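Chain order of the listed sequences is A and B.
Taking the working numbering, I'd label the letters of the first sequence as residues 1 to 234.
Taking the working numbering, I'd label the letters of the second sequence as residues 1 to 234.
Notes for the one structure printed next.
2 protein chains.
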Amino acid sequence: MPSERTMQTSVAAKPIVASAPRPPRAAVTGRSAWADALRMMGATIAYSRNEEVYGEDEPAEFVYLVTSGAIRTYKLLSDGRRQIAAFRLPGDIFGLEAGETHAFTAEAIADSSVIVVRRSAVLAHAARDGAVARDMWAETARDLGRAQDLLLLLGRKSAQERVATFLLEMADRATYGGAIELPMSRQDIADYLGLTIETVSRTLSQMEHAATIALPSCRRIELRNRPLLSRLNS
Amino acid sequence: MPSERTMQTSVAAKPIVASAPRPPRAAVTGRSAWADALRMMGATIAYSRNEEVYGEDEPAEFVYLVTSGAIRTYKLLSDGRRQIAAFRLPGDIFGLEAGETHAFTAEAIADSSVIVVRRSAVLAHAARDGAVARDMWAETARDLGRAQDLLLLLGRKSAQERVATFLLEMADRATYGGAIELPMSRQDIADYLGLTIETVSRTLSQMEHAATIALPSCRRIELRNRPLLSRLNS
DNA sequence: CGATCGCTTGATTCCGATCAACAGGAGTGG
DNA sequence: CCACTCCTGTTGATCGGAATCAAGCGATCG
């Protein structure tokens, strides 16, 4: 049960930050033409920890590109059970919808900066330039691919396997100085992996005892036996 | 553990069927301009029960439109655990990838007919016509939306809730004469819902005893208390 | 008609959830 | 500065829902 659900939504009212803090990784360099285009077109907005970027079923007015921090996108059941569909880290795009409304809620995990572009402007751009349209499609397809990998994890993997997969994913996305730097809490990890906070904690402790990982602090993880984790990843 | 994994793949070698059997539902009428375009451009191919349409990681050469029968798309873990990502029924499009290879395996659940179009032809068409490009994107986004709903189901719902969600989904997609006509086996349902075959069977039996549903035969289900199912669907 | 396959049902097990206690920081205010 | 609370994470004990193991049943098919 996530109990922090009362933050303002106002995008328009947010202060525009002139110089966004540099992302810690190489994500600043454009991965695609249209991500660069977003950087050119957009204004930077800062969100503080646990602040909502947009809510499920709200009109999809903007597209977002993370420049620093981390965002979670999730769905809720009526009784508060939560499933996080994705963590968006610097360089990631989110909020791009084919429909008129957002399919899930987006919240800042930590203090974050994002570049915001009007959806209508992006769509107009895509209509004019076929390459942009294709990039947009490719982005959505990548999201779909990640969602499908997560389906396999949630439907068929054990707790150990889930955590192993998560660690390998984060090692690719958020390594800094040889260790994974987690921006998210145990609760976020649990809601991403379809587990409870206790199971995540226990599994990490077991892996530490087995010397598969090291836990210098609870937000910092070093992989000590990557082959073993890869095997668990199947 | 699915034990039927040895079927030929050859698309090129398949016999072209002149007149595809009529789909049982209204799916023949075009839902989108580009689905109609696929119908114009493509050749019809028949697949028999359990035959593979394409395998994971194979080059994505074709795009498919189901005209009769049903297709499952899934991923496997190395030890055979299976997660079905989607059931494709008449009117559905599948196999459209942004990358060069297929992200999962597609197999016929029952004897099926599909219209096949070269991916390159579809992409060329999209490059020429912005509306087609947009339809392609919308199709991928719809898939993504369905995948995200499934994430919530697999990550956070109980067995009862999963089955209820499945029944409501199938009621929308495969109702015929007031009852759901299931094209797939219990094993397929289990691998879609992240459960075992026994749990699916038991849950359906419980629902029958509670008069929530009726089971005239094991492939035929009538919903007797839809509000209750909707409540379970959250 | 026997054999196989798909489904159901029962008995038991086990993994992860739940309940509960506690520890270590971070932030707050005196 | 310290006492206080709040918050996050860890660990232990117990529980429970779904998995697993095991028959048995009915339909289809050679």
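Where a beta carbon is used, it is the ideal one built from N, C-alpha and C, also for glycine.
Quick caveat: nothing in here was measured; it's all calculated off a predicted structure.
{"Query": "In its own chain, which residues sit with a C-beta less than 6 angstroms from the C-beta of Arg-235 of chain A, not counting the 5 before and 5 after it?", "Result": "Here chain A covers residues 1 to 234 and nothing more, so residue 235 of chain A does not appear."}
{"Query": "From the DSSP output, in three-state form, read off Glu-198 of chain B for me.", "Result": "helix"}
{"Query": "Just checking my contact of Ile-189 of chain B with Ile-221 of chain B at CB under 8 angstroms: how many whole Å lie between their CB atoms?", "Result": "Not a contact, Cβ separation roughly 11 angstroms."}
{"Query": "Are the Cβ atoms of Arg-49 of chain B and Val-66 of chain B separated by less than 7 angstroms?", "Result": "no"}
{"Query": "Can you check whether the C-beta of Thr-140 of chain B is within less than 7 angstroms of a C-beta belonging to chain A?", "Result": "yes"}
{"Query": "Under 8 angstroms Cβ-Cβ, which residues of chain B neighbour Trp-137 of chain A?", "Result": "Ala-98, Ala-133, Met-136, Trp-137 and Thr-140"}
{"Query": "Would you tell me roughly how many angstroms separate the C-alpha atoms of Arg-121 of chain B and Val-132 of chain B, rounded to the nearest one?", "Result": "Here residue 121 of chain B turns out to be Ala, not Arg, going by the sequence shown. For Ala-121 of chain B and Val-132 of chain B, the distance between alpha carbons rounds to 12 angstroms."}
{"Query": "Tell me which residues share the same chain as Asp-143 of chain B and place their Cβ nearer than 8 angstroms to its Cβ, disregarding the 5 neighbours each side in the sequence.", "Result": "Ala-86"}
{"Query": "State the DSSP-derived secondary structure class of Leu-229 of chain A, mapped to helix, strand or coil.", "Result": "helix"}
{"Query": "Using the three-state DSSP reduction, which class does Arg-224 of chain B fall into: helix, strand or coil?", "Result": "coil"}
{"Query": "Using the C-alpha atoms, what's the distance from Asp-36 of chain A back to Leu-223 of chain B?", "Result": "51 angstroms"}
{"Query": "Quickly, what does DSSP pair Arg-72 of chain A with across the bridge? List them, please.", "Result": "A:Phe-87 and A:Glu-107"}
{"Query": "Would you report the Cα separation of Ser-234 of chain B and Leu-150 of chain A, rounded to the nearest angstrom?", "Result": "21 angstroms"}
{"Query": "Alpha carbon to alpha carbon, how far is Ser-112 of chain B from Pro-23 of chain B? Give it in angstroms, no decimals.", "Result": "Because Pro-23 of chain B carries a pLDDT of 40, less than 50, the predicted location of this residue cannot be relied on, and the following value inherits that uncertainty. Taking the straight line joining both Cα atoms gives about 10 angstroms."}
{"Query": "Cutting at 7 angstroms between CB atoms, please list the residues of its own chain near Thr-212 of chain B, excluding the five before and the five after it.", "Result": "Arg-224, Asn-225, Leu-228 and Leu-229"}
{"Query": "Enumerate in chain order the residues of its own chain whose CB-to-CB distance from Val-63 of chain B is below 6 angstroms, with the five nearest sequence positions on each side excluded.", "Result": "Gly-95, Leu-96, Val-117, Arg-119 and Val-122"}
{"Query": "Ala-46 of chain A CB to nearest chain B CB: under 7 angstroms?", "Result": "no"}
{"Query": "Out of A:Gln-206, A:Ile-45, A:Ser-217 and A:Glu-161, which has the shortest C-alpha to C-alpha gap to Gly-246 of chain A?", "Result": "Lying before the first or after the last residue shown, residue 246 of chain A is absent from chain A, which here runs from 1 to 234."}
{"Query": "Quick check on the burial criterion: 16 or more other C-beta atoms within 10 angstroms. Buried or exposed for Ser-68 of chain A?", "Result": "buried"}
{"Query": "Looking at chain A, is there any beta carbon in it that lies within less than 7 angstroms of the beta carbon of Arg-81 of chain B?", "Result": "yes"}
{"Query": "From this set, A:Ile-93, A:Thr-140, A:Ser-78 and A:Thr-203, which residue's C-alpha is nearest Val-157 of chain B's C-alpha?", "Result": "Sequence inspection shows Lys at residue 157 of chain B; the Val mentioned does not correspond to that position. For the residues A:Ile-93, A:Thr-140, A:Ser-78 and A:Thr-203, the minimum Cα distance to Lys-157 of chain B belongs to A:Ser-78."}
{"Query": "If we cut at 7 angstroms on Cβ distances, does Gln-237 of chain A have a partner in chain B?", "Result": "There is simply no residue 237 of chain A to check, as chain A begins at 1 and stops at 234 in what is shown."}
{"Query": "Out of A:Met-41, A:Gly-145 and A:Ile-84, point me to the one whose CA is closest to Gln-187 of chain A's CA.", "Result": "A:Ile-84"}
{"Query": "Interface residues of chain B around Phe-104 of chain A at Cβ under 8 angstroms?", "Result": "Gln-148"}
{"Query": "I want to verify the contact list: residues of chain B whose CB lies under 7 angstroms from the CB of Leu-151 of chain A, in sequence order.", "Result": "Gln-83, Ala-85, Ala-147, Leu-150, Leu-151 and Leu-154"}
{"Query": "Taking CB distances under 7 angstroms as the criterion, tell me whether Leu-38 of chain B reaches chain A.", "Result": "no"}
{"Query": "Whole-angstrom Cβ separation of Tyr-54 of chain A and His-102 of chain A, contact assumed at under 8 angstroms?", "Result": "5 angstroms"}
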